[in-house]
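Its first residue numbered 1, the sequence shown is counted upward by one per residue in UniProt numbering.
Idealized CB from N, CA, C, for every residue including glycine.
Read through the structure below, which is laid out as structure tokens, and then see the notes.
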Amino acid sequence: MIDIQDLTFSFKGPGQAPVLDDIHAQLPEGHFISLIGKSGSGKSTLFKILTQDLTPQAGQVTFQGRPLGAQEVAYMPQKDLLLPWASVLDNVLLPQKLNPKVKVHRDQALAWLDKAGLAKVTQALPQDLSGGMRQRVAFVRTLMMDKPILLLDEPFGTLDYFTQMEMQAWLLDIWQDLKTTVILITHNIEEAVYLSDHVMILHPAGTTPKGQQLDRVTIDLDRPRRQDMRYLPQFVQYKKVLEEAIHHDL
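Below is the structure:
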């Protein structure tokens, strides 16, 4: 269980209002969770607290009953950040080169690249890959860190619609094998519904009563998810509920 307990954060400076104001949530392990909210609501700030890059003024985050540590979190940013001079395989093996404590096995990396449909391009350079392929390489590199929690910051935001759909299906296929805890930031409500067990809505601080900045909508759709589920009345209703929640903040 990831337990967010009464978390409050403000940036330093005179007159700075809280970005996160007494938020709390319990996120079950092994679930796929999306985090949505209008720009400036604090999504990236919350991620930086989860990765230990920011320290809250109040509250804490625990994992399995202990304070959450950076060693339990793998983070994939919006940009793939692949080294342009390194091959696909070398990019995937990078975590071990940066931190010898990370045990990345070449055979394991090759197996994941094969599952990602990248077995034929392991020696290719990033410049020779499509946008979707680059994101798959970046995701496999994140997996190689072998952490129980994956934080994904809009990984498909720069891709075209049809490539996004392909990547979403691919991500779910990978996640079904891992069953690790995934928290995804997205501005794409359809993506949030399609991927998630739960969608967390982060409202801008000050627009809700204290302690009610973070809402949850549980997505009760069968797994494995199928592309044709996007047209189900229940799916459309989830989109409507989430869109109305976001529009309320505009």
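Is the CB-CB distance between I189 and I246 below 9 Å?
-> In terms of Cβ geometry, I189 and I246 form a close pair [threshold 9 Å].
8 Å Cβ shell around D80 - same chain, five flanking residues per side excluded | P126, R134, Q135, V137, A138
Relative to the C-alpha of K179, which residue among L20, E29, Q5 is closest?
-> E29
Go through its chain and collect everything with a Cβ distance to F32's Cβ below 7 Å, but skip five positions before and after it.
-> Excluding positions up to five away in sequence, the list reads W175, V182, L195, S196, D197.
What residue ranges within the stretch 6 to 68 form continuous alpha helix (DSSP H) runs of no fewer than 4 residues, ordered along the chain?
-> Runs found: 43 to 50.
If you drop the 5 nearest sequence neighbours on each side, which residues of the same chain put their C-beta closer than 7 Å to that of R141?
-> N91, V92, L94, P95
Ends of the alpha helix (DSSP H) at A109?
-> 106 to 115
Beta-carbon proximity check, V61 vs L150, cutoff 9 Å = The answer is no: Cβ separation not under 9 Å.
Helix, strand or coil at L143 [DSSP, three-state] = helix
Can you list, in chain order, the residues of its chain whose CB lies under 8 Å from that of L242, leaving out five sequence neighbours each side?
-> I36, I189, A192, V193, V199, I201, V217
Does the distance from the CB of M76 to the CB of D173 come in under 9 Å?
-> no
State yes or no: is the C-beta of H24 within less than 9 Å of the C-beta of G59?
-> Yes.
Mind checking H248: buried by the 16 CB within 10 Å criterion, or exposed?
-> exposed
For A116, which residues from the same chain have a beta carbon less than 6 Å from its beta carbon, with the 5 sequence-adjacent residues on both sides left out?
-> R136, V140
Hey, would you say T45 sits closer than 9 Å to L20, going by beta carbons?
-> Yes, Cβ-Cβ distance for T45 and L20 is below 9 Å.
Classify A86 as helix, strand or coil using the three-state DSSP reduction.
-> In this structure, DSSP gives A86 a state outside helix and strand, which the three-state scheme calls coil.
For P18, which residues from the same chain have a beta carbon less than 7 Å from its beta carbon, with the 5 sequence-adjacent residues on both sides left out?
-> T8, F9, S10, A205
Which of the three DSSP states, helix, strand or coil, is assigned to R230?
-> helix
Distance between E72 and T51 (C-alpha atoms, nearest Å) | Looking at the two C-alpha atoms, the distance is approximately 9 Å.
Report yes if the CB atom of D22 is closer than 9 Å to the CB atom of G211, and no otherwise.
-> yes
Residues sharing a beta bridge with A74, DSSP = L150
CB contact flag (A74, L143, <9 Å) = yes
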